[in-house]
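>
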Amino acid sequence: MAQEARGTQRAETLEAHTRRAAFPRGETPVVLRYELSVPQGAARAWPRGGRRVDRCYRRLAGCLERDARRSLLRRASRLCRAAAGQEIPFTPAAVALSYTVTLLADGVLSLYRDYTEEADAGAGAVWRAAETWNLCDGCPVALRSLLGRRRAAYAGLLAAAEPLLDAQRRVGAPLYKDFPARARRFFSAERFYLTMDEIVIFWNPGLLAPRCAGVCRVRVPYGDIDLTRPMFREPAHHPLWATLPGCPDWRGWRGPRESFLRNLGKTLSTKR
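Just add 1015 to wherever you are in the sequence shown, counting from 1, and you've got the numbering used here.
(1) Can you give the Cα-Cα distance for Ala-1031 and Leu-1087, rounded to whole angstroms?
(2) With the cut-off set at 9 angstroms, would you say Thr-1147 and Leu-1180 are in Cβ contact?
(3) Would you list the one or two residues that DSSP bridges to Leu-1150?
(4) On the DSSP letters alone, give me the boundaries of the alpha helix (DSSP H) that Pro-1236 sits inside.
(5) Mapping DSSP to helix, strand and coil, what is Leu-1223?
(6) If Gly-1171 sits next to Ile-1240, beta carbons under 8 angstroms apart, how far is it from one beta carbon to the other, in whole angstroms?
(7) Going by other Cβ atoms of all chains shown within 10 Å of its Cβ, with 16 needed for buried, is His-1252 buried or exposed?
(8) For a test of the three-state rule: what should DSSP assign to Phe-1194, helix, strand or coil?
(9) Taking the continuous alpha helix (DSSP H) assigned at Asp-1082, which residues delimit it?
(10) Assign Asp-1121 to buried or exposed, taking buried as 16 or more other Cβ atoms, counted over all protein chains shown, within 10 Å of its Cβ.
(11) For a quick check, are the C-beta atoms of Pro-1104 and Ala-1037 less than 9 angstroms apart?
(12) Counting pairs of beta carbons, one from the segment 1217 to 1224 and one from the segment 1190 to 1201, are three or more of them closer than 8 angstroms?
(13) With distances taken between CB atoms, is the gap from Ala-1091 to Val-1046 smaller than 9 angstroms?
(14) Does Pro-1054 pass the burial test, meaning 16 or more other C-beta atoms within 10 Å, or should it be called exposed?
(15) Got a sec? Which residues, its chain only, sit under 6 angstroms from Arg-1034 by beta carbon, not counting five neighbours each side?
(16) Please state whether DSSP places Leu-1124 in a helix, a strand or coil.
(17) Taking all protein chains shown into account, do 16 or more other C-beta atoms lie within 10 angstroms of the C-beta of Cys-1231, making it buried, or fewer, making it exposed?
(18) Can you give the beta carbon distance from Pro-1178 to Cys-1095, rounded, assuming they're within the 8 angstroms contact cut?
(19) In whole angstroms, give me the CA-to-CA distance for Val-1235 and Arg-1089.
(20) Identify every residue that forms a DSSP beta bridge with Ile-1216.
(21) Answer with buried or exposed for Ala-1182, where buried requires no fewer than 16 other C-beta atoms within 10 angstroms of its C-beta.
(22) Residues bridged to Tyr-1289 by DSSP?
(23) For Leu-1099, report the span of its alpha helix (DSSP H) as first-last.
(24) Hey, would you say the C-beta of Tyr-1169 is under 8 angstroms away from at least one heavy atom of the ligand ADP?
(25) For Ala-1292, which residues does DSSP report across the bridge?
(26) By the three-class DSSP mapping on this structure, what secondary structure does Thr-1028 have?
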């Protein structure tokens, strides 16, 4: 346990790796600015799995940077020329990627990332994605690791989320009238992250409410859903399972070993 505590303490020193630039460089007017921040430093406490996590986010930042320098820069340049021809003000396009760590303890890293594009003086909608990692081996944790592979397990999670969404609507959230059906239709097992006490599932702008409402999220306490199996092989006494009676023995069970590169490819393919 002392070793686990030391690892947790060091893992909490994640640092932001930021890439920022403005184009064209050294010229006016500037047509594009971007700032991309990703987490780094997990490898200091978890050398095996942390290296894979750090590498994944470095590649993600590199892919988004190349996309900004190519397609978005060309689009922003066209808008700048059109504005100059019509003699109207031009606002440079902007790209931003930020992240928020929601859980970092005992070999578990959970976070969400917000990606925003703004062009032609329009406010860009936030596109959110999330990952949860087992830092022991650097593999993503799927939602089915918590709920099992049964379709009824996802139905139970949505059943717990529906009254929480209805409570948000009653206090003024601009949800669509058919939000229960939309919540089931647009639910994705990849759009979740963990906190110490809850599973948070979310829907990106435009799915449950107008785009101006932003990301819709629901915090479902662990006690409101049926957690049927442990997430990780180690450490043995993760805080998520300490209060769950009858939790199956973690020894010998292996979580899903999904390729983090495939996961990254899916993330990039759905970025827009």
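Built from N, CA and C at the ideal position, the CB exists for glycine as well.
In this text the structure is predicted, and so the values were computed from the model without any measurement.
Answer, in terms of the structure:
(1) Distance between the alpha carbons of Ala-1031 and Leu-1087 is about 24 angstroms.
(2) Their beta carbons are not under 9 angstroms apart, which means Thr-1147 does not touch Leu-1180 by this criterion.
(3) In the DSSP output, where bridge partners are listed per residue, Leu-1150 has none listed.
(4) Looking at the DSSP string, Pro-1236 is not in any alpha helix (DSSP H); the run it does join, the beta strand (DSSP E), is 1231 to 1236.
(5) Leu-1223: coil per DSSP, three-state reduction.
(6) The pair is a contact, with the Cβ atoms about 6 angstroms apart (cut-off 8 angstroms).
(7) The pLDDT assigned to His-1252 is 39, lower than 50, so where the model puts this residue is not dependable; a value taken from the coordinates is nonetheless given after this. It is exposed - the Cβ of His-1252 has fewer than 16 other Cβ atoms within 10 Å.
(8) Here Phe-1194 carries a helix assignment [DSSP, helix/strand/coil].
(9) Start and end: 1062 to 1082.
(10) Taking a 10 Å sphere around the C-beta of Asp-1121, we find 16 or more other C-beta atoms and assign the residue as buried.
(11) Going by C-beta atoms, Pro-1104 is not nearer than 9 angstroms to Ala-1037.
(12) Proximity of the segment 1217 to 1224 to the segment 1190 to 1201 meets the contact definition, three or more beta-carbon pairs being nearer than 8 angstroms.
(13) Yes, the pair counts as a contact, with Cβ atoms nearer than the cut-off.
(14) Counting the other Cβ atoms within 10 Å of the Cβ of Pro-1054 gives 16 or more, which makes it buried.
(15) Around Arg-1034, the same chain offers Leu-1051, Ala-1076, Glu-1080 as residues with beta carbons nearer than 6 angstroms, after the five sequence neighbours per side are excluded.
(16) DSSP places Leu-1124 in the strand class (E or B) of the three-state scheme.
(17) Burial of Cys-1231 is indicated by the presence of at least 16 other C-beta atoms within 10 angstroms of its C-beta.
(18) About 49 angstroms separates the two Cβ atoms, so there is no contact after all.
(19) Taken atom to atom, the span from the alpha-carbon of Val-1235 to that of Arg-1089 is near 43 angstroms.
(20) According to DSSP, which records beta bridges pairwise, Ile-1216 is partnered with Phe-1207, Val-1233.
(21) Exposed is the call here.
(22) Past the boundaries of the shown model lies residue 1289; the chain is included only from 1016 to 1287, so the question cannot be answered.
(23) Reading the sequence as shown, one finds Ala at residue 1099 and not Leu. Per DSSP, Ala-1099 belongs to the alpha helix (DSSP H) from 1088 to 1101.
(24) Judged by which ligands are present, the structure shown has none, so any question about the ligand ADP falls away.
(25) Given that the chain is displayed from residue 1016 to residue 1287, the structure contains no residue 1292 and the question cannot be resolved.
(26) Reduced to three states, the DSSP call for Thr-1028 is coil.
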